[in-house]
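To start, the structure under review is shown below, and the notes come after it.
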Amino acid sequence: MRRFVFTKADGRKLLLYAHTGRPGPPLPDRLRGHPGPVHLRRHPLLDEWVIYAPERQERTYHPPAGACPFCPGGEVPFAEFEIAVLENRFPALREDPGEPPRLPVVAAPARGRAEVVIYTPEHEGSLATLPQDRRRLLARVWNDRYRELLALPEVRYVFPFENRGEAVGVTLAHPHGQIYAYPFVPPIPQREARAFAERAVLAELWPDLEAYRVAARPGFLAFVPPFARYPYEVWVAPEAPHPGPWSFSDAELDAFADLLGEVVARLDALFERPMPYVMAFHAAPKGIERFHFHVEFQPRLRAKDRLKYLAGTELGAGAFTADVLPEAAARALRGVRP
Ligand SMILES: [Zn+2]
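At position 57 of the sequence shown the residue is numbered 72 (the working numbering), and the sequence of numbers has no breaks.
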């Protein structure tokens, strides 16, 4: 993998990743970032941080055709590229966040990073339709970001994710994901780290996952967890516990990337329409070894034309109700022809 580092006209960093060649001819670099002050406030009842980034109200919302910021000549001022990573134009976490205002609650600077990962220069597509070598390159890009961002002294947790579809509020259709590098460990990985410190939860579950299998590659399984909270929720995990994908071998990275693509293809085939989802990487917080890296897909359709909404019991009380049994969801996802 080759990596080219550029500084955009507004000072933001742009990284281009390629198998071999250099990026294509340069184009004008017109889009400017809007970094505003950002800060954290402590929720005193839930004991967790809330990130405030008011500048994000101004972010791009459903750009007209031909004005996609992720097509060549938008954020990436090159006519050709393979995969691009750049700092978010409207960052929620920043290297220079400014000081928080005086408040009646505990506050802190939102010092970190918010990056966008553009999977392809093509406007249409998905993790499922990317060429295999591009998907495998993407897995290496994620690892490069893990290494670089985890090495920053202020960063405690690195979180690659993808929001897909209008149902989860995505306003840009171009295939892309994001990476947040937080100055704290968010609640979910914190709870997971506590669970893995006590027991090898996923490894203990492994022998019983056959009925929940969706797809597999050597050493990797895609499965509906027997305790799924979302209809058609799918996890992708290596059989051997790894703190993160950074400790995978080259062959394991390829298997991992291929399996992610197959999961998206199966989710899309299920209702014969692109499945809106959140894809979340769950790696170990910095400095923690006892963890079992996995990727969680949280799809939002429970039927072809029915969205799963989070409402009273989920949002108000934190208790999920599920409409689809995990073993039935696994059977359905196994049965589709992607
Ligand atoms: Zn585009």
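All C-beta atoms, glycine included, are put in the ideal place defined by N, C-alpha and C.
CB-CB length for residue i against residue j, believed under 8 angstroms
i, j, result
"ALA94", "ALA129", "That pair is no contact at about 26 angstroms."
"ALA125", "HIS54", "5 angstroms"
"ALA99", "LEU29", "7 angstroms"
"TYR195", "GLY89", "The pair is not a contact, with the Cβ atoms about 22 angstroms apart (cut-off 8 angstroms)."
"GLU70", "PHE21", "That belief does not hold up - the Cβ atoms of GLU70 and PHE21 are roughly 23 angstroms apart, past 8 angstroms."
"PHE211", "HIS297", "Actually they are not in contact, since the Cβ atoms of PHE211 and HIS297 sit about 10 angstroms apart, beyond 8 angstroms."
"MET16", "ARG109", "Going by Cβ atoms, the distance from MET16 to ARG109 rounds to 27 angstroms, so no, they are not a contact pair."
"LYS323", "LEU330", "About 13 angstroms; that fails the 8 angstroms criterion."
"PRO112", "PRO168", "Not really, about 15 angstroms apart at Cβ, beyond 8 angstroms."
Close-in-space but distant-in-sequence residues of the same chain around residue i (CB under 7 angstroms, 5 per side omitted)
i, result
"GLU97", "TYR32, ALA33, HIS34, ARG149, LEU152"
"ASN178", "GLY184, VAL185, VAL293"
"PRO41", "PRO92, PHE93"
Among the options, the one whose alpha carbon lies nearest that of residue i
i, options, result
"LEU183", "TYR227, GLU254, TYR292", "The displayed chain sequence assigns Val, not Leu, to residue 183. Closest by alpha carbon: TYR292."
"GLY302", "LEU224, ARG315, GLU254, ALA208", "ALA208"
"ALA295", "VAL310, GLU287, LEU285", "VAL310"
"LEU61", "VAL249, PHE211, VAL121", "VAL121"
"VAL351", "PRO300, PHE286, ALA299, HIS138", "PHE286"
"ALA46", "PRO87, ARG57, ARG18", "Position check: residue 46 holds Leu in this sequence, whereas Ala was assumed. Of the candidates PRO87, ARG57, ARG18, the one whose C-alpha sits nearest the C-alpha of LEU46 is PRO87."
"PRO190", "VAL132, PRO253, LEU316", "VAL132"
"GLU225", "ARG346, GLY140, GLU139, PHE306", "ARG346"
"MET290", "PRO69, ASP269, GLY140, LEU167", "GLY140"
"ALA266", "PHE235, GLU248, GLU114, ALA82", "PHE235"
"PRO43", "VAL91, ARG315, GLU110", "VAL91"
"PRO59", "ALA270, GLY81, LEU118", "LEU118"
"TYR134", "ALA299, LEU101, GLY192", "GLY192"
"ARG321", "ARG288, PHE306, LEU330", "ARG288"
"CYS83", "GLU137, PRO112, GLY39", "GLU137"
"ALA218", "TYR197, ARG305, SER264, THR144", "ARG305"
"VAL278", "GLU254, GLN313, ASN103, PRO256", "GLN313"
"PRO341", "PHE176, TYR227, ALA326", "TYR227"
"PRO38", "SER264, ARG18, ARG56", "ARG18"
"ALA220", "PRO41, ARG206, GLU102, PRO256", "It should be pointed out that residue 220 corresponds to Leu in this sequence rather than to Ala. Per the Cα distances, PRO256."
"ALA299", "ALA326, ASP269, GLN205, LEU325", "GLN205"
Beta-carbon contacts of residue i that lie in its chain and below 6 angstroms, excluding the five residues immediately before and after
i, result
"LEU348", "VAL229, ARG281"
"GLU67", "One point to set straight first is that residue 67 is Tyr, not Glu, in the sequence displayed. HIS54, listed in sequence order."
"PRO240", "TRP250"
"PRO353", "ALA280, ARG281, ALA284"
"THR328", "ALA334, THR336"
"LEU165", "VAL173, LYS301"
"GLY81", "none"
"PHE85", "ILE133, HIS189, HIS191"
Residue i: CB within 6 angstroms of a non-hydrogen atom of ligand 1
i, result
"HIS191", "no"
"PHE296", "no"
"PHE85", "yes"
"HIS138", "yes"
Other residues of its chain near residue i: CB distance less than 8 angstroms, five sequence neighbours each side excluded
i, result
"PRO116", "HIS54, ALA122"
"ALA318", "PHE286"
"VAL216", "ALA210, HIS307"
Residue i CB to nearest heavy atom of ligand 3 below 6 angstroms
i, result
"ALA337", "Ligand 3 is absent from the structure shown, which contains only ligand 1."
CB contact check: residue i to chain E, cutoff 7 angstroms
i, result
"VAL293", "The displayed structure is made up of one protein chain only, and chain E is not part of it."
* Asked: Three or more C-beta pairs closer than 8 angstroms, one from the region 329-345 and one from the region 242-249: is that the case here?
  -> yes
* To do: Count the C-beta pairs between the region 157-164 and the region 260-269 that are closer than 8 angstroms, then say yes if the count reaches three, no if not.
  => yes
* Would you be able to state if there are at least three C-beta pairs under 8 angstroms between the region 194-205 and the region 165-184? => yes
* Pair every Cβ in the region 22-29 with every Cβ in the region 131-151, then say whether three or more of these pairs are closer than 8 angstroms. => no
* Touch test, the region 231-238 against the region 266-279, Cβ-Cβ under 8 angstroms, three pairs minimum -> yes
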